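Worksheet for the structure shown next.
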Amino acid sequence: LGPVLLGGQVLVIAHLTAGMANLSRHEKEKYFLTATGETRPFPSLHDPHSRELSVVIPAYNEELRMPVMLDEAMEYLESRQKKNSSFTYEVIVVDDGSKDKTTEIALEYTKKYSADKVRVLTLVKNRGKGGAVLMGTLSSRGRLILMADADGATKFSDIEKVEAGLKDVNSGPNMAIACGSRAHLEKDSVAQRSLFRTFLMYGFHFLVWFFCVRGIRDTQCGFKLFTREAALRTFSSLHIERWAFDVELLYIAQCFKIPIAEVAVNWTEIEGSKLVPFWSWLQMGRDLIFIRLRYLTGAWKLQSPQKTD
Numbered sequence: 001l002g003p004v005l006l007g008g009q010v011l012v013i014a015h016l017t018a019g020m021a022n023l024s025r026h027e028k029e030k031y032f033l034t035a036t037g038e039t040r041p042f043p044s045l046h047d048p049h050s051r052e053l054s055v056v057i058p059a060y061n062e063e064l065r066m067p068v069m070l071d072e073a074m075e076y077l078e079s080r081q082k083k084n085s086s087f088t089y090e091v092i093v094v095d096d097g098s099k100d101k102t103t104e105i106a107l108e109y110t111k112k113y114s115a116d117k118v119r120v121l122t123l124v125k126n127r128g129k130g131g132a133v134l135m136g137t138l139s140s141r142g143r144l145i146l147m148a149d150a151d152g153a154t155k156f157s158d159i160e161k162v163e164a165g166l167k168d169v170n171s172g173p174n175m176a177i178a179c180g181s182r183a184h185l186e187k188d189s190v191a192q193r194s195l196f197r198t199f200l201m202y203g204f205h206f207l208v209w210f211f212c213v214r215g216i217r218d219t220q221c222g223f224k225l226f227t228r229e230a231a232l233r234t235f236s237s238l239h240i241e242r243w244a245f246d247v248e249l250l251y252i253a254q255c256f257k258i259p260i261a262e263v264a265v266n267w268t269e270i271e272g273s274k275l276v277p278f279w280s281w282l283q284m285g286r287d288l289i290f291i292r293l294r295y296l297t298g299a300w301k302l303q304s305p306q307k308t309d
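In the UniProt record's numbering, the protein residues as written are 1 to 309.
The following block contains the structure:
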């Protein structure tokens, strides 16, 4: 009787504490600054695309690591545009309520490259990485939307690999996702990790597989490419705004039968991670269990894309 009672309590807690990701914006979050300091309204993911690629970069206190990543990304994107004038792009840096100069540094790139190419969305309050990616995606113009971490752990030119993976699985109405993956590096990373961190990693992989997403070995690599239609469909149903948001996105995609490619990418561990090993894993483990239970009990439902303010 004990385990049944405990299971019932967990179900009730999961149901009662269920909430939707906050899609509403503070007035200041509706606008970006141009190179001359004028304000312009962000477009909406619901609008037709007007760029080939949007790169969404969530950034929290990234004044030190972000410039290296942005320099690499901009060099690649500018070079690609020179070779192919029909390739158009935008970079959206989402400052997730930073306490440092993340916004000011990102705005230097707006001044250098123009607000048509680099836009900064400064969130009034910290939402978490998932919330930052959500807000940036909802403000993007791209036919394809890449989410990329500000630490530059993934080599930016590997976008060509995930683009190829996306093409391979995109058989029907522009619905596809390609995930960068570090699964091929797992043996090396285990050799370098402590036993405790390895245990946490495998425990997390098991929970992901058992409760949420099967067939994808690395759900957490912060390098994911979406078709605009797949982004609209998945992000419209997102609830989790912190670390486990990737898993919920892929869970939603699998519920909608959106094809997902997993593509090996170059990845280097960069110092300065915001992940606090034990507590972040604990929070993610709880979120994984709640993802399944909340969809199972109907506390969370898959949404139809609706325009928000």
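We put the CB at the ideal spot given by N, CA and C, even for glycine. These figures come from a predicted structure and were not determined experimentally.
The C-alpha of Y89 lies about 24 angstroms from the C-alpha of S171.
Minimum Cα-Cα distance from C221 among the listed residues V55, A153, Q81 and R25 corresponds to A153.
Sixteen is the threshold: when 16 or more other Cβ atoms of the shown chains lie within 10 Å of the Cβ of C179, as they do, the residue is buried.
Minimum Cα-Cα distance from T34 among the listed residues R143, Y109 and L238 corresponds to Y109. Nearest C-alpha to L293 among K224, M284, G131 and C212: C212. Annotation: the continuous alpha helix (DSSP H) that includes S79 extends over M66 to K83. A Cβ-Cβ distance of about 3 angstroms is found for the pair G142 and S54, placing them in contact under the 8 angstroms criterion. Comparing C-alpha distances from T268 to each of S236, L296, D151 and L45 shows the shortest one belongs to D151. Contact annotation: A148 and I57 have beta-carbon atoms nearer than 7 angstroms. Under the three-state reduction of DSSP, C179 is assigned to strand. Beta-bridge pairing by DSSP links D95 to A59 and T122.
Taking every protein chain shown into account, the CB of A164 has fewer than 16 other CB atoms within 10 angstroms, so this residue is exposed.
Just so you know, the alpha carbons of K101 and T297 end up roughly 43 angstroms apart.
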